[in-house]
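Chains as they are written, first to last, in my numbering: chain W, 32 to 387; chain A, 9 to 419.
(1) So, with DSSP's three-state summary, where would you put residue 63/W?
(2) Check whether the region 156-170 of chain A and the region 27-34 of chain A are in contact - that is, three or more C-beta pairs closer than 8 angstroms.
(3) Tell me which residues of the region 46-59 of chain W have at least one Cβ-Cβ distance to chain A shorter than 8 angstroms, keeping chain order.
(4) Against chain W, with Cβ distances strictly below 8 angstroms, would residue 321/A count as a contact?
(5) CA-CA distance, residue 357/W and residue 232/W?
(6) Less than 8 angstroms separating the beta-carbons of residue 33/W and residue 60/W?
(7) Would you mind telling me which residues of chain B sit closer than 9 angstroms to residue 314/A, beta carbon to beta carbon, in chain order?
(8) Please confirm whether residue 330/A has its beta-carbon closer than 8 angstroms to some beta-carbon of chain W.
(9) In chain order, what are the residue ranges of uninterrupted beta strand (DSSP E) at least 3 long that sit wholly in the region 266-319 of chain W?
(10) Straight-line CA distance for residue 60/A to residue 85/A?
(11) Taking DSSP as the reference, what is the three-state secondary structure of residue 334/W?
(12) Inspect the CB distances between the region 315-327 of chain A and the region 132-141 of chain W and report whether three or more fall short of 8 angstroms.
(13) Using a Cβ cut-off of 7 angstroms, which residues of the region 120-138 of chain W contact any Cβ in chain A, in chain order?
(14) Where does residue 262/A sit, in a helix, a strand or coil, going by DSSP?
(15) Report the residues of the region 272-294 of chain A with a CB closer than 7 angstroms to any CB of chain W, ordered along the chain.
(16) If you drop the 5 nearest sequence neighbours on each side, which residues of the same chain put their C-beta closer than 8 angstroms to that of residue 377/A?
(17) Under a three-way DSSP split, which group does residue 38/A fall into?
(18) Using three-state DSSP, classify residue 50/W as helix, strand or coil.
(19) Whose C-beta lies closer than 6 angstroms to the C-beta of residue 290/A among residues of the same chain, with five residues either side of it excluded?
(20) Return the first residue and the last residue of the alpha helix (DSSP H) that residue 226/W is part of.
(21) Helix, strand or coil: which one does DSSP assign to residue 121/W?
(22) In chain W, what lies closer than 7 angstroms to residue 311/A by C-beta?
(23) Tell whether a beta-carbon distance below 8 angstroms holds between residue 223/W and residue 193/W.
(24) For residue 77/A and residue 130/A, I'd like the C-alpha separation in whole angstroms.
(25) Count the other CB atoms, across all protein chains shown, that sit within 10 Å of the CB of residue 176/W; report buried if there are 16 or more and exposed otherwise.
(26) State the Cα-Cα distance for the pair residue 145/A and residue 21/A, rounded to the nearest angstrom.
(27) Please state the DSSP three-state secondary structure of residue 385/W.
(28) I think residue 310/W touches residue 275/W, with their Cβ atoms under 8 angstroms apart; what is that distance to the nearest whole Å?
(29) According to DSSP, simplified to helix, strand and coil, what is residue 242/A?
(30) Quick one, which of 404/A, 213/A and 139/A has its alpha-carbon nearest residue 15/A's?
(31) Identify whether residue 101/W lies in helix, strand or coil by the three-state DSSP scheme.
(32) Taking all protein chains shown into account, decide if residue 333/W is buried (16 or more other Cβ within 10 angstroms of its Cβ) or exposed.
(33) Please name the residue or residues paired with residue 194/W in a DSSP beta bridge.
(34) Is the shortest distance between the beta-carbon of residue 13/A and the beta-carbons of chain W less than 8 angstroms?
(35) If contacts are defined as beta-carbon pairs under 8 angstroms, then residue 324/W and residue 268/W qualify, I think. What distance do you get, rounded to the angstrom?
What follows is the structure in structure tokens.
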């Protein structure tokens, strides 16, 4: 188990594109870090720089305290799972698994008996012991995924890197593998860095997440903290489905106004003032029978366990999420609201304020 | 609506097949016309066949019933005439062939036009029900009947391709040294083959050809594989220009470089040597090989190389353990191409290696027939020369298809 740190990392490609800017990020021993962000945010580039597949333009990367900037990929002792799995098509599953071990310098290379034991151990851990003789093309997507994982794990890597490993699986398998990945990490305790654009993967897998945008780190903290206390409007809107409602406007004396909308702020925000963005998660928007702000209902999505209301308040689009609970749910599902109008309230202790 | 649809789409399959038969007459008339003009007889009849075939091909339709009957009858008559004319001066295979085509298609035309389905359709007496029933009948019968004429047409092309080869086989097996083919299987003998195989010259040429071809293949691969890999994976200054100039070399006919090559080889002292030809052949085959291999390497995902890098391979290890094993089909194709290019090449070999003990097989073959007109021996020898090629193609058939098809298309 080793720690990884990025110190002032920047990456500029040969064609002048800037991928990563001034990244400072410390990953602790045994931590499961998820790098998350929209495509093109530099998360994959960051991972590839750590793996040694891209040169570092600026700054220092340390693995276990040692600077690795100029070490070739093969000398860094990392294991990586690729999005495409990148299994060697001309080798059996067993040869795929042991390839890395067999490539080691003679002194460190395990003998054939050790090799067998390691294959046995890894394959039974991943449930692939019955397909060792097969070629990758004869495997299903889920099996390939496991083999790719096994190939990265069998060498006991200092750090396990994963680049969108689940994105080629179907939804059901993805959910299953997500749980399994977390279980494996808890068992092995390998420091893991995981790149994804999927916020659900990020939320469920990570000890801490690092949200990136346009090559800049936005927030680095445990996932629930990022959900409840987003550092900026981008993080707020990136995490959560449907995303947080964000309204730009002015706050003054406990009252928030934006255009013709004027609402009283929740108690914990009564001290704020000036320009900024008011944010409230859809599940915190209260839907009332009466006594709130009047909102026009422009659409309803009924998902069974929850209902999403698409509303419009003074020209501002607001989403409200209503979890099925007790008798209220009946009303929400019938959609029996007077002439498409609803009463909503923004008074919730989870509301946030981003000063400009 | 359904009334319109069924009536609009229904044509009896007999007429569709007739269209194919007419096409057959037209296509077959062309080579036959050519052969007959060599024999100075019957061109007129063939021309008539061509015209009537075209005519019935053009006039298929409800309104032209009489025209269609007439041309069918004309084709039938032409067939009989051809056959009759042939009997006057002795029947040759080509006469039977051509008159059979005409008689079959003409007869088929008359028969199908007078069948009840067709005459009902031609008379326009079919209702919607009739058209619908006709469509159902077509679906069942069309593939069977159309298949017959399609195959007849295709067999003609196969035959045209096969004739020279069959001829050569016949000449090589017939006694005597005549080049004309009699196709008398009872007299077939292997004496020509044994007389060729007994000649020391032949074995000298074989060893020259084998050494030069294998040398060319090895040198060509040795140069083309790394070059193709570099062009595929790396971007360097002059990348585009160099790729294009490789193509440019291919655009000029080989004769242009003949004289400069000769001067170069002469000044290097490589005339009458294996090395001279090996060098010349591998260089001329190189552009194709490099492009071919580059195309293949482009389809090998970079992810695999990166995975191998993380698994502990260096640049050479990646190439040797991952890229090469995955590229065997493309390498087989490239090797085959270089080998064949060297094995069959004539002009450079003729110019460079002028002493008889340095002849390659094609050159030896050419000289053996200019010295004495022994066509039987010549045919046997040319068959022997092509045997390695045939064997190579059979052995590499599978990877050949794989390599050629994956070279351009992403797999």
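Built from N, CA and C at the ideal position, the CB exists for glycine as well. All values derive from a computational prediction rather than experimental measurement.
Taking the structure as given:
(1) The residue labelled residue 63/W in the question sits at position 32 within the first chain. Of the three classes helix, strand and coil, the one that applies to residue 63/W here is strand, per DSSP.
(2) yes
(3) none
(4) On the second chain, residue 321/A is found 313 positions in, with the first residue counted as 1. Cβ-Cβ to chain W under 8 angstroms: yes for residue 321/A.
(5) Indexing the first chain from 1 puts residue 357/W at position 326. Indexing the first chain from 1 puts residue 232/W at position 201. Only weak support is given to the placement of residue 357/W: the predicted model assigns it a pLDDT of 47, under 50, and the question is left unresolved by the model.
(6) In the first chain, residue 33/W corresponds to position 2, counting from 1. In the first chain, residue 60/W corresponds to position 29, counting from 1. Closer than 8 angstroms, so yes.
(7) Note that chain B does not occur in the displayed structure, where the protein chains are W and A.
(8) Numbered from its first residue, the second chain carries residue 330/A at position 322. Output row for residue 330/A: interface = yes.
(9) 276-283, 286-289, 292-295, 305-311 and 317-319
(10) Counting from one through the second chain, the residue named residue 60/A turns up at place 52. Counting from one through the second chain, the residue named residue 85/A turns up at place 77. About 11 angstroms.
(11) Taking the first residue of the first chain as position 1, residue 334/W is located at position 303. In the structure shown, residue 334/W sits in coil (DSSP, three-state: anything other than H, G, I, E or B).
(12) yes
(13) 120, 121, 130, 131, 134 and 135
(14) In the second chain, counting from the first residue as 1, residue 262/A sits at position 254. Three-state result, residue 262/A: helix.
(15) none
(16) By one-based count along the second chain, residue 377/A stands at place 369. The residues are 383 and 386.
(17) For the purposes of this step, residue 38/A is taken as residue 30 along the second chain, with counting starting at 1. Residue 38/A: helix per DSSP, three-state reduction.
(18) Reading the first chain from its first residue, position 19 is the one you call residue 50/W. DSSP places residue 50/W in strand when its eight states are reduced to three.
(19) What you label residue 290/A is simply residue 282 of the second chain in a count that begins at 1. Excluding positions up to five away in sequence, the list reads 224, 227 and 228.
(20) For this step, residue 226/W is matched to residue 195 along the first chain. No alpha helix (DSSP H) holds residue 226/W; the beta strand (DSSP E) holding it covers 222-227.
(21) Position 90 of the first chain, counting from 1, holds the residue named residue 121/W. Of the three classes helix, strand and coil, the one that applies to residue 121/W here is coil, per DSSP.
(22) In the second chain, counting from the first residue as 1, residue 311/A sits at position 303. Here the neighbours are 113, 115 and 117.
(23) Working through the first chain from its first residue, we reach residue 223/W at position 192. Working through the first chain from its first residue, we reach residue 193/W at position 162. Result yes, Cβ atoms of residue 223/W and residue 193/W sit closer than 8 angstroms.
(24) By 1-based counting over the second chain, the position of residue 77/A is 69. By 1-based counting over the second chain, the position of residue 130/A is 122. Those two C-alpha atoms are separated by around 12 angstroms.
(25) Working through the first chain from its first residue, we reach residue 176/W at position 145. The residue in question, residue 176/W, is buried, as its Cβ has 16 or more Cβ neighbours within 10 Å.
(26) Position 137 of the second chain, counted from the start, is the residue given in the question as residue 145/A. Position 13 of the second chain, counted from the start, is the residue given in the question as residue 21/A. Their backbone Cα atoms lie some 8 angstroms apart in a straight line.
(27) Position 354 of the first chain holds residue 385/W. Residue 385/W falls in the strand class under three-state DSSP.
(28) Locating residue 310/W in the first chain gives position 279, counting from the first residue. Locating residue 275/W in the first chain gives position 244, counting from the first residue. Confirmed, Cβ separation roughly 5 angstroms.
(29) Position 234 of the second chain holds residue 242/A. Coil, per DSSP.
(30) Taking the first residue of the second chain as 1, we reach residue 15/A at position 7. Taking only the C-alpha atoms, the option nearest residue 15/A is 139/A.
(31) Mapped onto the first chain, residue 101/W falls at position 70. Here residue 101/W sits in coil by DSSP.
(32) As a first step, residue 333/W must be located in the first chain, where it is residue number 302. Exposed, by the Cβ-count rule.
(33) Along the first chain, read from residue 1 onward, the residue named residue 194/W stands at position 163. BP columns for residue 194/W point to 226/W.
(34) Here residue 13/A refers to the residue found at position 5 of the second chain. Cβ-Cβ to chain W under 8 angstroms: no for residue 13/A.
(35) Taking the first residue of the first chain as position 1, residue 324/W is located at position 293. Taking the first residue of the first chain as position 1, residue 268/W is located at position 237. Between residue 268/W and residue 324/W the Cβ distance is about 21 angstroms, and since that is not below 8 angstroms, they are no contact.
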